[in-house]
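K.L.:
Mapping to this note's numbering: the sequence shown position 368 is 1332, numbers consecutive. Glycine residues also receive a C-beta, built at the ideal position from the N, C-alpha and C atoms. These numbers come from a predicted model, not from an experiment.
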Amino acid sequence: MTRTLITETISKIGEIVLIKGWVNTRRDHGKIVFIDVRDRTGLLQVVLSPELAGNLHSEDVVYVTGEIQARPEKLINPKLATGTVEMSCEKVELIAKAAELPFDMGKENLDLELPTLLDHRSLTMRHPKIQAIFKVQAVIIDAFRKALQAKDFLEFQAPCITPAVAEGGAEVFKVKYFEHEAYLSQSPQLYKSLLVGDFERVFSVNKVFRAEPSVTTRHLTEVVSLDAEFGFIESWEEVQDMEEYVVRFIFAEVANKCQRELKMFNATLPKLSDKIPVIKLRDAQEIIFKRTGRDIRQEKDLDPEGEREICKWSLEQHDSDLVFISHFLTKKKPFYVFPDPADPTYAYSVDLIGRGVEWSSGGQRLNNYEQILENAKEWGVKAEDIEMYLQSFRYGVPPLGGFALGAERMTMHILGLKNIRESTMFPRDMERIDVSLRKNNTAITG
Ligand code: AMO
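1. For F1213, report the span of its alpha helix (DSSP H) as first-last.
2. Tell me whether I996 is buried or exposed, calling it buried when 16 or more other Cβ atoms sit within 10 Å of its Cβ.
3. Report the option in S1387, I1317 and K1038 whose CA atom is closest to the CA atom of L1266.
4. Please confirm whether E1225 and A1368 have their CB atoms less than 8 Å apart.
5. If you reduce the DSSP assignment to three classes, tell me which class M1051 lands in.
6. Beta carbon of L1369: closer than 7 Å to some heavy atom of ligand 1?
7. Out of curiosity, what's the CA-to-CA distance linking K1138 and L1148?
8. Whole angstroms are fine: how far does the CA of Y1209 sit from the CA of R1085?
9. I'd like the ranges of any beta strand (DSSP E) spanning at least 3 consecutive residues and lying wholly in the segment 1300–1382.
10. Below 7 Å, is the gap between the Cβ of Q1204 and the nearest heavy atom of ligand 1?
11. Please check the pair W986 and V1010, which I expect to be a contact at CB under 8 Å, by giving their CB distance rounded to whole angstroms.
12. If you compare alpha carbons, which of Y1027, G1047, L1401 and Y1353 is closest to P1036?
13. Quick one: using the 10 Å Cβ neighbour count with 16 as the cut-off for buried, is A1134 buried or exposed?
14. Do A1060 and D1024 have their CB atoms nearer than 8 Å?
15. Work out the CA separation of P1079 and V1172 for me, nearest whole Å.
16. Can W1343 be considered in contact with ligand 1, in the sense that its beta carbon sits closer than 7 Å to one or more heavy atoms?
17. Cβ atoms of A1371 and I1105: under 8 Å apart, would you say?
18. Along the chain, where does the alpha helix (DSSP H) that runs through Q1095 open and close?
19. If P1391 and L1082 are in contact, beta carbons under 8 Å, what's the gap, nearest whole angstrom?
20. Identify the continuous alpha helix (DSSP H) that holds L989 and give its terminal residues.
21. Whole angstroms are fine: how far does the CA of E1202 sit from the CA of R1109?
22. For L1330 and N1073, I'd like the C-alpha separation in whole angstroms.
23. Comparing the CB of H1291 with every heavy atom of ligand 1, is any distance shorter than 7 Å?
24. Check each candidate in R990, K1055, V1169 and D1003 and name the one with the smallest Cα separation from T968.
25. Just grab the DSSP bridge partners of R1165 for me.
26. On a Cα-Cα basis, can you pick out the residue from K1295, E1322 and G1320 that is closest to T1309?
27. So who's on the other strand from N1170, going by DSSP bridges?
28. I'd like to confirm something about R1182: is its beta-carbon nearer than 7 Å to some heavy atom of ligand 1, or not?
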């Protein structure tokens, strides 16, 4: 008999079918036993005798044959997609026996401490609510691709082993590369920029690596970076507009395809007005000072508290959960940023802040070869380390810009999760590779 997927059983009343899946839960009621069987499409209640049920328990892999029957009106379960039917079991085959579970997986919410949830990741990802997170994430990434493909961008795979530190700073993993030294890529930045000289418009969905020396709720050491870059721009605002288009496209796809998942988290998509507000860093700092009395007006960036405050302001004043912050200090950004000619202290750079956290960075880049060389020198970047990048600009690259969105942060803040590790299948941080590297987990800071 061929397999019937669980959600298909609602249209098979009166038929004998074979389903394949895992025992999700078992309930013993004297002479009858109920098991919920789970496959990739959903759950189905199966009714069977204690003899047939044997010692089946959660996560056993089973093939079950039986008749699909309509449930009596008062036994309909509106919470289940298959809640109008059940299977009367005739035969059970045990295909793979599961060990005793370390915790109860049958509850609607898997209320586990984060280290336990992550140390048992292969198992906890079987829970429907945990699966929902990664279904939403897959839709986000797919929508990012679709949005840019619709605008004629070409997808590329960026290298992970790089000869140079693209973003600067100390947050880089050195790797021993035979008798040479190399780095794990912090960002596909230099590659996406040089590719504008070849393909005009490119994007990538890539892992990037940051040697974050602290353990916070919003930092990972391995990140899925959604990068885009394009040429022949007229201004940095064009970059911001393209990003806004992509973000709106992503939200529309999530709204369209993930209603069930959003509901499981009681989540609503971030509010957007007609246009995402944009405000210069110094103006944002002034607003924060006026609203809270906290003076961060000389800082190079917004701190986490500042990001939260400016989002509150954006929601109150512009009815928008998202806000662009532009014009960061040129010297605090990487060597490739384009200084504002009106005041070169500040750059044509723009971050997107959503629900109190940075979702992306981007902006216009330098495209003049001589100026790039000059800046690289000033920033302490050796020309021989960025040879491939420079080659492109030596042979002519148009005015360009782009942005990068962090996939995990987007997922986290769309679903209202408290910790970025929840929106990462296999999170890495300074204390975790697969499982915790420490016996006693250090507290995660803000
Ligand atoms: P940036 O360093 O701001 O910009 O990174 C872009 C976005 O990637 C995400 N992100 C992270 N998420 C979790 N943990 C981390 N350690 C982490 N680091 C970054 C954030 C962030 O906004 N080259 C530029 C992009 C550009 O200008 O196009 C860059 O890498 O969501």
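P.N.:
Reading off the structure:
1. The sequence position of residue 1213 within the sequence shown is 249, counting from 1. Unbroken alpha helix (DSSP H) run through F1213: W1200 to K1221.
2. Taking the first residue of the sequence shown as position 1, residue 996 is located at position 32. Exposed, by the Cβ-count rule.
3. The residue you call residue 1266 lines up with position 302 of the sequence shown. Taking only the C-alpha atoms, the option nearest L1266 is I1317.
4. Residue numbering aside, residue 1225 sits at position 261 when the sequence shown is read from its first letter. Residue numbering aside, residue 1368 sits at position 404 when the sequence shown is read from its first letter. For E1225 and A1368, no; Cβs fall outside 8 Å.
5. For the purposes of this step, residue 1051 is taken as the residue at position 87 of the sequence shown. If DSSP states are grouped into helix, strand and coil, M1051 belongs with the strands.
6. Numbered from 1 along the sequence shown, position 405 holds the residue referred to as residue 1369. Yes, ligand 1 has a heavy atom inside 7 Å of this Cβ.
7. Along the sequence shown, read from residue 1 onward, the residue named residue 1138 stands at position 174. Along the sequence shown, read from residue 1 onward, the residue named residue 1148 stands at position 184. For K1138 and L1148, the distance between alpha carbons rounds to 7 Å.
8. If you number the sequence shown from 1, residue 1085 lands on position 121. If you number the sequence shown from 1, residue 1209 lands on position 245. Spanning the two alpha carbons is a distance of roughly 34 Å.
9. 1307–1311, 1314–1318, 1321–1329 and 1364–1370
10. Position 240 of the sequence shown, counted from the first residue, corresponds to residue 1204. No - ligand 1 has no heavy atom lying nearer than 7 Å to the Cβ of Q1204.
11. What you label residue 986 is simply residue 22 of the sequence shown in a count that begins at 1. What you label residue 1010 is simply residue 46 of the sequence shown in a count that begins at 1. Contact doesn't hold; Cβ gap of about 12 Å is too wide.
12. Taking the first residue of the sequence shown as position 1, residue 1036 is located at position 72. Among Y1027, G1047, L1401 and Y1353, the Cα nearest to that of P1036 belongs to G1047.
13. Counted from its first residue, the sequence shown places residue 1134 at position 170. Counting Cβ neighbours within 10 Å, A1134 comes out exposed, since fewer than 16 surround it.
14. The sequence position of residue 1060 within the sequence shown is 96, counting from 1. The sequence position of residue 1024 within the sequence shown is 60, counting from 1. Against a cut-off of 8 Å, the Cβ pair of D1024 and A1060 comes out as a contact.
15. For the purposes of this step, residue 1172 is identified with residue 208 of the sequence shown, where counting begins at 1. For the purposes of this step, residue 1079 is identified with residue 115 of the sequence shown, where counting begins at 1. Using only the alpha carbons, I get a separation of about 23 Å.
16. Stepping through the sequence shown from its first residue, residue 1343 is reached at position 379. Answer for W1343: no, Cβ out of range of ligand 1.
17. As a first step, residue 1105 must be located in the sequence shown, where it is residue number 141. As a first step, residue 1371 must be located in the sequence shown, where it is residue number 407. A contact, by the Cβ cut-off of 8 Å.
18. Here residue 1095 corresponds to residue number 131 of the sequence shown, with the count starting at 1. Counting along the chain, the alpha helix (DSSP H) containing Q1095 begins and ends at P1092 to Q1113.
19. Taking the sequence shown and counting its residues from 1, the one referred to as residue 1391 is at position 427. Taking the sequence shown and counting its residues from 1, the one referred to as residue 1082 is at position 118. 6 Å between Cβ atoms; contact.
20. In the sequence shown, counting from the first residue as 1, residue 989 sits at position 25. Residue identity differs from the one stated: residue 989 is Thr in this sequence, not Leu. No alpha helix (DSSP H) contains T989, which is instead part of the beta strand (DSSP E) from I980 to H993.
21. Position 145 of the sequence shown, counted from the first residue, corresponds to residue 1109. Position 238 of the sequence shown, counted from the first residue, corresponds to residue 1202. Roughly 19 Å between the two C-alpha positions.
22. Here residue 1330 corresponds to residue number 366 of the sequence shown, with the count starting at 1. Here residue 1073 corresponds to residue number 109 of the sequence shown, with the count starting at 1. If I take the Cα positions, the gap works out to 49 Å.
23. Within the sequence shown, numbered from 1, the residue matching residue 1291 stands at position 327. Not so, every heavy atom of ligand 1 lies at least 7 Å from the Cβ.
24. Here residue 968 refers to the residue found at position 4 of the sequence shown. The shortest Cα separation from T968 among R990, K1055, V1169 and D1003 belongs to D1003.
25. In the sequence shown, counting from the first residue as 1, residue 1165 sits at position 201. Bridge partners of R1165: F1194.
26. Here the question's residue 1309 lines up with position 345 in the sequence shown. Among K1295, E1322 and G1320, the Cα nearest to that of T1309 is on K1295.
27. Position 206 of the sequence shown holds residue 1170. DSSP lists S1189 as partners of N1170.
28. Position 218 of the sequence shown, counting from 1, holds the residue named residue 1182. The answer is yes for R1182.
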